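Position 256 of the sequence shown, counting from 1, maps to 271 under the numbering used here, and the rest follow consecutively.
Think of the CB as a built atom: it goes at the ideal place given N, C-alpha and C, for glycine as much as any other residue.
Bear in mind that the values here come from a model prediction, so they are computed numbers and not experimental data.
Read through the structure below, which is laid out as structure tokens, and then see the notes.
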Amino acid sequence: MKALAITTGKPGVSLVDREIPRIESPDEIKVRILRVGICGTDREEVIGGRAKAPQHSQDLVIGHEMFGVVEEAGKSVQQFAPGDYIVFTVRRGCGHCDSCNMNRPDMCTTGDYTERGIWGQDGYQTELVVDKEQYAVKVPKELKDIGVLIEPLSVAEKAVDEAVMLQVKHLPYLRDDKEVITDKNILVAGLGPIGLLAGFILRLKGAKVYGLDVVDQDTPRALLLKQIGGSYIDGRKIPVDHIEESIGRMDIILEATGVAALEFNLLDALGPNGIYVLTGIPGGDRPLQIDGAEIIRRLVLNNQVMVGSVNASQKHFQMAVDDLSRFRETFGNTIDKVITDRIPYNKFSDAFAHHGSEEIKTVVEWMP
Ligand code: BGC
């Protein structure tokens, strides 16, 4: 069967032949891949950046944002049958820390986890994959055209969930997600898939969402945000250090840019007692000059919380499935427009090229 693979640490990606995987234990499911999304992590991998091949190999099959259909289910599989739509999670636990033992490998404490398609395990940019039922999430058939958004949405769900949980513990007068989010000023920085999908979650819960990017008003990211009732901020016109005076203080900031200098500058817009969740993973190692004393002074004097959030648990994948249906009910087919480019697997080079400001999510199609 065909697969898209890289040699870790080297630029380039190629179409390779791999053996068809077989079910080897009764709790496994064999899935035919329909499509797989591409994100910044994949693009980083194909230019020779962060990636780890499985043991005893230098090559890694990439891809972690999968969507497929069950082809065969092992004898002890309970919840899935052939023909069901399915998504597998990304991270596999280390097996020896409390988080992983509680099915929360996204909070692994040892760092010995693996991630399919990224870190030590082959991924999903291929025709067929096998994995265990415990890592699978069922997708209703109505969502089959957008089910490939579940993985990036799960990352946004976790980021919002972290902000909510922290704020409920942090502030004596806030009790639940409604109180933390409804009518609050929330800045989403970077309107790529993670930022935009976070915008959908936050609008669904009634936040005043401000989305910051550096694209024109009439390009898809800005337009989709406005269609769901968010306000677009063009970072080229309103600099980050003017957001507070132009728009107001932010109760929560959710960052999805991966641009280290901006990640620090955004703190300027955070209000007292605010929560700042970072999800962007900056590449490169260019040194950065920051005013450390000023940043710490602000954090302390304002009781602010700055927290990183990566990956997502099975619970967040399920939240993503449920919210995708709600997005359709509330915002119609606006959510479908997050997928801007669908590229057949044999034209994979086009998929990894940058498509400019018209692109939001590119997916590789494995079935015609
Ligand atoms: C993926 C996560 C993963 C992270 C770090 C992201 O692109 O969506 O699942 O944990 O990269 O490798």
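{"Asked": "Let me know if P287 comes out buried or exposed under the rule of 16 or more other beta-carbons within 10 Å of its beta-carbon.", "Found": "exposed"}
{"Asked": "Here's the rule: buried if 16 or more other CB atoms are within 10 angstroms of the residue's CB, otherwise exposed. What is N326?", "Found": "buried"}
{"Asked": "Tell me whether the region 109-120 and the region 311-318 touch, counting them as touching only if at least three CB pairs, one residue from each stretch, are closer than 8 Å.", "Found": "no"}
{"Asked": "Output yes or no for whether 9 Å exceeds the beta carbon distance between V179 and D191.", "Found": "yes"}
{"Asked": "Rounded to the nearest angstrom, how far is the Cβ of A284 from that of I258, given a contact under 8 Å?", "Found": "4 Å"}
{"Asked": "Please indicate yes or no: does the CB of W134 lie closer than 8 Å to some heavy atom of the ligand BGC?", "Found": "yes"}
{"Asked": "Does the Cβ of I48 lie closer than 8 Å to at least one heavy atom of the ligand BGC?", "Found": "no"}
{"Asked": "Please go through the region 305-350 and give each complete alpha helix (DSSP H) segment of 4 or more residues, from N-terminal end onward.", "Found": "307-316 and 329-346"}
{"Asked": "Inspect the beta-carbon positions of L239 and K352 and report whether they are closer than 9 Å.", "Found": "yes"}
{"Asked": "Any heavy atom of the ligand BGC within a distance shorter than 8 Å of the CB on I354?", "Found": "no"}
{"Asked": "Identify which residue in A271, G244, R119 and K330 has its Cα closest to the Cα of T349.", "Found": "G244"}
{"Asked": "Rounded to the nearest angstrom, how far is the Cβ of E380 from that of I358, given a contact under 8 Å?", "Found": "7 Å"}
{"Asked": "Which residues share a DSSP beta bridge with K193?", "Found": "Answer by DSSP bridge pairing: none, since K193 is not bridged."}
{"Asked": "Rounding to the nearest angstrom, what Cα-Cα distance links A275 and G299 in this structure?", "Found": "10 Å"}
{"Asked": "Could you compute how far the alpha carbon of C115 sits from the alpha carbon of D127?", "Found": "10 Å"}
{"Asked": "Is the closest heavy atom of the ligand BGC to the C-beta of C54 under 8 Å?", "Found": "yes"}
{"Asked": "Specify, as a first and last residue, the run of the alpha helix (DSSP H) that T56 falls within.", "Found": "G55 to V61"}
{"Asked": "By the DSSP assignment, the beta strand (DSSP E) with F279 in it spans what residues?", "Found": "F279 -> not in any beta strand (DSSP E); alpha helix (DSSP H) instead, spanning A275 to N280."}
{"Asked": "Grab the span of the beta strand (DSSP E) containing P359 for me, first residue to last.", "Found": "I354 to P359"}
{"Asked": "At which residue ranges does the region 123-205 contain complete alpha helix (DSSP H) runs of 4 or more residues, listed in the order of the chain?", "Found": "165-185 and 192-196"}
{"Asked": "So if DSSP puts F103 in a beta bridge, which residue, or which two residues, is it bridged to?", "Found": "A151"}
{"Asked": "Mind checking whether G221 and K193 have CB atoms under 9 Å apart?", "Found": "yes"}
{"Asked": "Under the assumption that D74 contacts A68 (Cβ atoms under 8 Å), give the Cβ distance between them as a whole number of angstroms.", "Found": "6 Å"}
{"Asked": "State the beta-bridge partners of K392 as determined by DSSP.", "Found": "No answer is possible for residue 392: it lies beyond the span of the chain, which begins at 16 and ends at 383."}
{"Asked": "With 16 other CB atoms within 10 Å as the buried threshold, where does I196 fall?", "Found": "buried"}
{"Asked": "Assign Y188 to buried or exposed, taking buried as 16 or more other Cβ atoms, counted over all protein chains shown, within 10 Å of its Cβ.", "Found": "exposed"}
{"Asked": "Can you tell me the Cβ-Cβ gap for Q62 and L339, rounded? I've got them flagged as a contact below 8 Å.", "Found": "Here the sequence assigns Ile to residue 62, which means Gln is not the residue at that position. Between L339 and I62 the Cβ distance is about 31 Å, and since that is not below 8 Å, they are no contact."}
{"Asked": "Looking at E270 and the ligand BGC, is the gap between the Cβ and the nearest heavy atom below 8 Å?", "Found": "no"}
{"Asked": "Just curious, the beta strand (DSSP E) that K17 is in, first and last residue?", "Found": "K17 to T22"}
{"Asked": "If we count Cβ pairs, one from each stretch, closer than 8 Å, do we get three or more for the region 96-103 versus the region 155-164?", "Found": "yes"}
{"Asked": "To the nearest angstrom, report how far apart M334 and R37 are at their CA atoms.", "Found": "30 Å"}
{"Asked": "Tell me where the alpha helix (DSSP H) around A237 begins and ends.", "Found": "P235 to Q242"}
{"Asked": "What did DSSP end up calling L227 once you bin it into helix, strand or coil?", "Found": "strand"}
{"Asked": "Count the other CB atoms, across all protein chains shown, that sit within 10 Å of the CB of E39; report buried if there are 16 or more and exposed otherwise.", "Found": "exposed"}
{"Asked": "Kindly indicate the opening and closing residues of the beta strand (DSSP E) around E260.", "Found": "Note, E260: premise wrong, no beta strand (DSSP E); alpha helix (DSSP H) at I258 to S261."}
{"Asked": "How many angstroms separate the CA atom of A151 from the CA atom of I305?", "Found": "43 Å"}
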